[in-house]
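Residue numbers (the working numbering): 373 to 445.
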């Protein structure tokens, strides 16, 4: 995880930073799922679902921005 944070902060390109951010979303989502299983709480599963949703939308928006230079046409 530390290596991912370093890649996010000092990545040689913007694409590397986007991939590192996407990886951090996945780590956070998996941590919420493990906590939800451990404590048998639906709140953690809902948080994991929100993290997955925001991670997908954020990655999509950043990829579109890197390709075209704008998010909203």
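Virtual Cβ for every residue (Gly too), placed ideally from N, Cα, C.
Practice item. Kindly list the residues whose CB is nearer than 6 Å to the CB of residue 416, restricted to its own chain and excluding five residues on each side of it in sequence; keep chain order. Key: Along the chain shown, read from residue 1 onward, the residue named residue 416 stands at position 44. Counting only Cβ-Cβ distances below 6 Å, and skipping sequence neighbours, we find 404, 407 and 408.
Exercise for review: Note the first and the last residue of the continuous alpha helix (DSSP H) segment covering residue 385.
Suggested key: Translated into the one-based positions of the chain shown, residue 385 becomes position 13. Looking at the DSSP string, residue 385 is not in any alpha helix (DSSP H), and its letter there is neither H nor E.
Point to revise | CA-to-CA distance, residue 414 to residue 380, given in whole angstroms | key: Reading the chain shown from its first residue, position 8 is the one you call residue 380. Reading the chain shown from its first residue, position 42 is the one you call residue 414. Each residue's Cα considered, the two are about 31 Å apart.
Practice item. Would you kindly check if the distance between the Cβ of residue 400 and the Cβ of residue 423 is under 7 Å? Key: On the chain shown, position 51 is the one that residue 423 refers to. On the chain shown, position 28 is the one that residue 400 refers to. For residue 423 and residue 400, yes; Cβs fall inside 7 Å.
**Study point:** Nearest candidate by alpha-carbon position, reference residue 396, set 429, 373 and 383
**Key:** The sequence position of residue 396 within the chain shown is 24, counting from 1. Nearest of 429, 373 and 383 to residue 396, Cα basis: 373.
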